[in-house]
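Residue numbering for the sequence shown follows our numbering, beginning at 44 and increasing consecutively. For each residue, glycine too, the CB sits at the ideal point set by N, CA and C. Owing to the predicted nature of the structure, the values given are computational and were not obtained by experimental measurement.
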Amino acid sequence: DDLKKYSNYDNFSNYLMYLKDHQVLALRRGIKQKVIKLSYDIDGSKMESSIKYHLRQENIIPVQLIKRQDLLKEAIHDAWKRLLRRRGTTRLWNEKCKEAEERACQVFEDNLRRALLAPPFYPPKPILSLDPGFKAGIKCAILNSNGAVIKLDTVKFLGRQRDESIKVLSLLLSATKKENNKLDGGGETVLVALGNGHGSQESRTLIEEVSHKTDIPIDLQVVNEAGASVWSVTEGAKEEFPEEAPAAIAAISLGRRLQNPLHELVKVPPRSLGLGMYQHDLSESELDERLHLTSVDAVATIGVDVNSCSLEILRKVPGLKKLSEKVVQCRPFRQRKDLLTVAGLGPKTYENCAAFCRLSLGSNPLDSTLVHPESYDLATWLLKKFSWKLSEPPSSK
């Protein structure tokens with residue numbers, strides 16, 4: 044099996060400077076598994092001539108050897124063959140591997156940041172979330188506009204079960220539409236989130252058939268389900284849904300990913316999201332640290348509603364990693380200053396985290412923005428100066 048994996052590198056040759064990052068990482072893995080043997084094709088005579096040239100340029104050739112060119116040539120040849128060739132090639136290969144690692148980590152970071160900062164679905168709507176499957180069936184979850192679970196079900200559609208599955212999906216679609224109608228401007232179209240895993244195409248055909256038969260229009264959105272099954276068996280998932288099976292939790296996660304990507308994806312171990320290449324060839328500790336910092340940066344960019352956000356995302360707020368549980372216990376907060384009542388949260392920590400902790404229903408309108416409390420006076424002056432209101436966008440005049 045290992046030989047088949049590396050069949051592309053059988054008798055493979057290329058200049059070191061032209062190797063792609065994925066090729067470098069694959070070759071390094073093959074070498075570690077002792078499936079690939081690496082050798083270097085170097086013109087020794089050119090290298091020895093280059094060494095001799097640089098020795099002359101630096102004027103470091105001993106006077107005794109200037110007249111004995113034969114000894115100088117022999118010394119350079121011995122140094123190259125016995126010491127410099129091996130050390131030089133090892134150093135160049137290690138530098139190439141390090142560069143490939145760095146760029147692979149950067150690709151992972153960029154992809155993670157892009158996924159976390161994807162805009163939430165707007166306007167917020169109830170959603171029917173479908174986690175596709177064949178033998179286990181389609182796991183279904185109806186969520187309200189805030190992501191709270193309304194109903195869970197499983198639909199098996201293979202063989203003779205197809206007619207029954209259509210009936211069940213019709214009821215679920217109708218129930219989601221009723222939730223939709225409770226909202227002002229909810230519209231007639233039902234939002235459906237469909238995972239892109241095994242059985243996705245068959246599930247899509249089924250829900251479209253149900254939509255046609257019930258005359259309920261749907262807005263079908265395909266959601267990347269990478270990492271959903273991983274998170275569904277974590278301690279955090281069990282704490283949030285103690286009575287639900289992992290399969291049902293995965294369906295809930297898919298719907299919430301569409302509603303608010305940041306709040307849901309931040310719970311999932313970044314390495315499980317499938318956003319990078321050859322992640323198993325990278326330093327696990329370094330990659331985890333960089334991805335954690337990327338998550339923290341994304342959360343800081345958007346901010347969180349400290350009264351309603353999950354414990355997982357609160358841990359990503361700068362300064363609140365160790366205090367997140369205490370913050371949750373002290374909810375609700377009426378104003379940002381109330382954060383100082385949390386045990387262990389002093390003025391310095393408050394200064395670091397305050398701007399990232401929003402209060403949508405706070406007593407001060409500025410508490411719902413990313414304006415830091417120390418800038419409230421300036422912000423208030425600017426609002427009065429230009430006759431702006433926080434509830435209205437600034438005029439272009």
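For residue i, three-class secondary structure by DSSP
i: Lys440; result: Here the model assigns Lys440 a pLDDT of 47, short of 50, so the residue's position is not dependable, and the following value carries that caveat. Looking at Lys440 - three-state DSSP - the assignment turns out to be coil, as it is neither helix nor strand.
i: Arg374; result: coil
i: Arg247; result: helix
i: Cys400; result: strand
i: Asp348; result: strand
i: Tyr165; result: coil
i: Glu287; result: coil
i: His255; result: helix
i: Arg125; result: helix
i: Thr277; result: coil
i: Arg299; result: helix
i: Tyr311; result: Residue identity check: residue 311 is Val in the sequence provided, not Tyr. Coil, per DSSP.
i: Ala293; result: helix
i: Pro408; result: helix
i: Tyr49; result: coil
i: Leu383; result: helix
i: Leu212; result: helix
i: Pro31; result: The first residue shown for the chain is 44 and the last is 440, placing residue 31 beyond what the model contains.
i: Asn54; result: coil
i: Gly202; result: helix
i: Pro105; result: coil
Residue i vs residue j beta-carbon contact at 8 Å
i: Gln302; j: Ile170; result: yes
i: Leu318; j: Phe55; result: no
i: Tyr58; j: Gly73; result: no
i: Gln264; j: Val235; result: yes
i: Cys140; j: Ala294; result: no
i: Lys365; j: Ala386; result: no
i: Ala341; j: Leu160; result: yes
i: Ile104; j: Leu115; result: yes
i: Tyr96; j: Leu70; result: no
i: Ser218; j: Lys199; result: Note that residue 218 is Ala in the sequence shown here, rather than Ser. No; because the gap between Cβ atoms is not below 8 Å, this pair is not in contact.
i: Leu404; j: Tyr393; result: no
Run of the alpha helix (DSSP H) containing residue i, from where it starts to where it stops
i: Asp331; result: Glu327 to Ile345
i: Thr197; result: Counting along the chain, Thr197 falls outside any alpha helix (DSSP H), though it belongs to the beta strand (DSSP E) covering Val192 to Val198.
i: Cys148; result: Arg128 to Leu159
i: Ser272; result: Ala271 to Trp274
i: Tyr321; result: Where Tyr321 is concerned, there is no enclosing alpha helix (DSSP H), given that its DSSP letter is neither H nor E.
i: Met90; result: Gly87 to Gln100
i: Tyr58; result: First-last for Tyr58: undefined, no H or E at that position.
i: Asp420; result: Tyr419 to Lys428
i: Pro304; result: Pro304 to Leu308
i: Gln112; result: Gln112 to Ala122
i: Asp84; result: Neither: Asp84 is in no alpha helix (DSSP H) and is coded neither H nor E.
i: Leu357; result: Leu354 to Leu357
Cα-Cα separation, residue i to residue j
i: Pro361; j: Asp227; result: 36 Å
i: Tyr419; j: Lys359; result: 24 Å
i: Lys256; j: Leu330; result: 49 Å
i: Thr197; j: Ile259; result: 20 Å
i: Thr344; j: Asp262; result: 29 Å
i: Glu207; j: Gly270; result: 30 Å
i: Leu425; j: Val347; result: 24 Å
i: Ser439; j: Pro166; result: Low per-residue confidence applies at Ser439: pLDDT is 46, beneath 50, and the placement is therefore not dependable, though the value from the model is reported in the following sentence. Rounded to the nearest angstrom, the two C-alpha atoms are 25 Å apart.
i: Glu245; j: Ile185; result: 20 Å
i: Gly389; j: Val414; result: 19 Å
i: Arg205; j: Gly180; result: 11 Å
i: Ser254; j: Val78; result: 53 Å
i: Glu101; j: Glu91; result: 16 Å
i: Asp64; j: Thr337; result: 22 Å
i: Cys352; j: Val311; result: 15 Å
i: Asn34; j: Glu332; result: There is no way to answer for residue 34, as the model of the chain reaches only from 44 to 440.
i: Trp136; j: Ile119; result: 23 Å
Terminal residues of the beta strand (DSSP E) in which residue i lies
i: Val265; result: Ile261 to Val266
i: Val235; result: Val233 to Gly238
i: Ala184; result: Ile181 to Leu186
i: Leu70; result: Where Leu70 is concerned, there is no enclosing beta strand (DSSP E), although the alpha helix (DSSP H) it sits in stretches over Asp64 to Lys75.
i: Ser172; result: Ile170 to Asp174
Cβ of residue i within 8 Å of any chain B Cβ
i: Ala397; result: Any reference to chain B falls outside this structure, which holds one protein chain only.
Contact between the region 209-225 and the region 142-159 (3+ Cβ pairs under 8 Å) = no
ask   = Are three or more beta carbon pairs between the region 278-287 and the region 234-252 nearer than 8 Å?
value = no
ask   = Would you say the region 291-307 touches the region 368-385, given that touching needs at least three Cβ pairs under 8 Å?
value = No: the two stretches stay apart, fewer than three of their Cβ pairs being nearer than 8 Å.
Three CB pairs or more closer than 8 Å across the region 119-133 and the region 81-99 = yes
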